[in-house]
Amino acid sequence: MKIYRNSKQMVAMLLMLSIWVGGCSSGENDPASAPEKISRTANLVGYVPDYSAGPSSVLIRNNADWKRINDENARFFFVAPGDYTSLGEIVLSASGTAEDPRWVVFYDPETERVYPEHPVKLTKEERATVRQLTVDGNHWRIVGLYGEGYKNQHRTHIIRLNGDYNEVNAVLTEYGSHGGGQIELHGAYNVVKNSVLRNTMITPGRDNHGIVFANKSDYSTVMGCEIYNCAGDAIQVHPSDDAHRGCVIQDNDIYVDASRYFEKLDFFPHENGVDFKDGGAADPGDWIRVQGNRFAWIGSSDGGTGGSPGAIDFSNASGHKAYIKFSDNVFYECDLPFTTATGTGGGSSNHLSVVRNIFYKAAIAAIRPVTQKQFSHEYYFNTIVDVEEPGLWIESEVWNSDIMGNLIINGQNAAIEPNKGVHADLNVFYNTELLPLEGGGSCAYDVSDLQWLEDYCFEFARLTDPINLCIKNIVPTEKAQHVRLFENAVVGLNKDRGVDDQILHQPWAGALSPITKDIN
215 MKIYRNSKQM VAMLLMLSIW VGGCSSGEND PASAPEKISR TANLVGYVPD
265 YSAGPSSVLI RNNADWKRIN DENARFFFVA PGDYTSLGEI VLSASGTAED
315 PRWVVFYDPE TERVYPEHPV KLTKEERATV RQLTVDGNHW RIVGLYGEGY
365 KNQHRTHIIR LNGDYNEVNA VLTEYGSHGG GQIELHGAYN VVKNSVLRNT
415 MITPGRDNHG IVFANKSDYS TVMGCEIYNC AGDAIQVHPS DDAHRGCVIQ
465 DNDIYVDASR YFEKLDFFPH ENGVDFKDGG AADPGDWIRV QGNRFAWIGS
515 SDGGTGGSPG AIDFSNASGH KAYIKFSDNV FYECDLPFTT ATGTGGGSSN
565 HLSVVRNIFY KAAIAAIRPV TQKQFSHEYY FNTIVDVEEP GLWIESEVWN
615 SDIMGNLIIN GQNAAIEPNK GVHADLNVFY NTELLPLEGG GSCAYDVSDL
665 QWLEDYCFEF ARLTDPINLC IKNIVPTEKA QHVRLFENAV VGLNKDRGVD
715 DQILHQPWAG ALSPITKDIN
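For the sequence shown, my numbering assigns the number 215 to the initial residue and increments by one for each residue that follows.
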């Protein structure tokens, strides 16, 4: 039986220290322990203003009309289909307010419809095409435009948000070659959502990223986007003066697929899904959150532009990363889903939470916190399945950390440095060797017991050409051995692990619930 996940649901945002009810025997499932769900945002554009002629509205139908873009008397700019790329950089210097933002919205005068379709579904002639959009002001709403970058290796952004409280919604960006990304986030409290970023140019020896969180981009969000074929990182968290406070990367589809590039390629050179050169801070509102994303085929082709093939990667060796929470993500056929190491080292890290993620078909290692000083991590309730030989389900040099409540199916082996204060217990293994340092609460079962697990399927590439990706035998049913396990066993007694010390209840191992059939 296959369990399909609806694209309008999103996994809950949860905190990861836990109590287990149950010891390799039996207990009762507690339906009340199932966390609350929240709605997914992908494909939902939300409110956009209707077009009406008047002093506060400007209809842009030619290059000359863009001269009014900073008119203080106007608030609504409706952009008709057309090619405006000859203007080069368009600068939005005026500002709106929280109560009265300024809007730049795609509008089709022929059908009299505002935002009739996502630009990824339109032909080039049907789109409103710009070359560069730089937002220096605050409180702008950009909806439905097409940003066509240069194809001649001219290194510049497509959209750059220098101001604060701006929102980019349902845009398409492609081509371009820039280390700052197709979309650069420089201001605070900015949002990019429901957008497609794809197919950067390939520059030998240079990185061309999708989205970059630059130095002052605190409390900014990337959500509900589809990002693929970036010849560098899909998303990069750039070094900052202090920390990247409160940034959120949520509910995105991030992948590499050379068959979808605009030129024929045998492989697409790339680096990472999300590359961290900095982290968050200790206050819960200042954590970086990477949650509910789906990563696929990253690191699975030759020709990367440098560094490691990590879907999640920590690159600059001099940087320190802390207070990042990775939860409810799916890593599908990524060679190295999570690593803190690149080259001579990805810098030190502390207080990382890696919780309730699914790792499928890793080739190097599913989880790899190695090199330099890594401490105070927590790896809880993850499902790791079908690691490819000779890969490892975990390779760790981490200090003073917990590895607990994970479900490992066909995980090959593991390599963990001893005598570093690592606590591993209450993990469940199918056809996988137990760690030498496993506690007495961990269990191993025969592969014949996998008959009581169902397939997990999820929708992917949701904004372009949706497909269902499936992973066999990972959704537990009530008959699965690991559903009711650990009586009177507590996870979370060790403090100073992960982003916080909060405790919650879950009587089963792994990321998927036998109650909701989804990630909890």
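Glycine included, C-beta positions come from ideal geometry on N, C-alpha and C.
Small disclaimer: the values here were computed from a predicted structure and weren't measured.
Beta-bridge partners of M618, as assigned by DSSP: Answer is Y594, D639.
Counted within 10 angstroms of its Cβ, other Cβ atoms place A496 as buried (16 or more) or exposed: Around the Cβ of A496, a 10 Å sphere holds fewer than 16 other Cβ atoms; the residue is exposed.
Between which two residues does the beta strand (DSSP E) holding H534 run? 534-541
So what does E313 bridge to, in DSSP terms? DSSP output for E313 lists no bridge partner at all.
Taking one C-beta from the segment 329-337 and one from the segment 362-373 each time, how about it: are there three or more such pairs within less than 8 Å? no
For F509, the first and last residue of its enclosing beta strand (DSSP E): 508-510
If you run the structure through DSSP and keep just helix, strand and coil, what is S562? strand
Using the DSSP secondary-structure output, state which residues sit across from A628 in a beta bridge. I608
Indicate whether the contact test is met: 3 or more Cβ pairs, each with one atom in the segment 278-291 and one in the segment 407-417, closer than 8 Å. With contact defined as three or more Cβ pairs closer than 8 Å, the segment 278-291 and the segment 407-417 are not in contact.
Roughly how many whole angstroms lie between the Cα atoms of G237 and G499? Note that G237 scores 44 on pLDDT, short of 50, meaning its location in the model is unreliable; the coordinates nonetheless yield the value given after this. Approximately 35 Å between the Cα atoms of the pair.
Considering just the uninterrupted stretch of the beta strand (DSSP E) at D527, what are its terminal residues? 524-528 is the span of the beta strand (DSSP E), which, as asked, contains D527.
So, with DSSP's three-state summary, where would you put E398? strand
Between which two residues does the beta strand (DSSP E) holding T414 run? Run containing T414: none; DSSP gives neither H nor E here.
Taking contact to mean 3 or more Cβ pairs, one atom from each stretch, closer than 8 Å, check whether the segment 686-699 and the segment 669-678 are in contact. Counting Cβ pairs under 8 Å, three or more are found: they touch.
F482 lies in the beta strand (DSSP E); which residues open and close that run? No beta strand (DSSP E) contains F482, which DSSP labels as neither H nor E.
Kindly indicate the opening and closing residues of the beta strand (DSSP E) around C548. Element bounds for C548: n/a, residue is neither H nor E.
Going by DSSP in three states, G494 sits in which element: helix, strand or coil? coil
According to DSSP, is K407 part of a helix, a strand, or is it coil? strand
In the structure shown, what three-state DSSP assignment does V705 receive? In this structure, V705 counts as coil in the three-state DSSP scheme.
Reference E652; option with closest CA among V636, S529, N429, S567: V636
Could you round the C-beta distance between N376 and G401 to whole angstroms and report it? I think they count as a contact, below 8 Å. 6 Å
Let me check understanding here. Comparing Cα to Cα, which of H371, H332, D378, E331 lies closest to W354? D378
Compare the C-alpha of D492 against each of V462, I526, P453 and name the closest. P453
Output the distance between the C-alpha atoms of Y389 and L640, rounded to the nearest integer angstrom. 48 Å
G393, DSSP secondary structure in three states: coil
How far does the beta strand (DSSP E) with G361 in it reach, from first residue to last? 360-362
Looking at C-alpha atoms only, which residue of I463, A510, G487 is the closest neighbour of E502? It is worth fixing the name first, because residue 502 is Ile in this sequence and not Glu. Of the candidates I463, A510, G487, the one whose C-alpha sits nearest the C-alpha of I502 is I463.
Going along the chain, which residues of its own chain have a beta-carbon closer than 7 Å to the beta-carbon of D455, five neighbours each way excluded? N429
Under three-state DSSP, which class holds T370? coil
For V705 and M618, what's the separation of their Cα atoms in angstroms? 7 Å
Less than 6 Å between C-beta atoms, sequence neighbours within five positions excluded: which residues of the same chain meet that for V544? R508, I572
Kindly provide the ranges of any beta strand (DSSP E) runs that are 3 or more residues long and lie completely inside the segment 427-472, ordered along the chain. Listed in chain order, the beta strand (DSSP E) runs fully inside the segment 427-472 are 435-437, 440-442, 449-451, 462-464, 467-469, counting runs of at least 3 residues.
From the DSSP secondary-structure annotation, give me the bridge partner or partners of R474. Note: R474 sits in no beta bridge, so no partner.
For A472 and D480, the rounded distance between their alpha carbons: D480 and A472: Cα-Cα distance of roughly 7 Å.
Output the boundary residues of the beta strand (DSSP E) element that contains E303. 303-306 is the span of the beta strand (DSSP E), which, as asked, contains E303.
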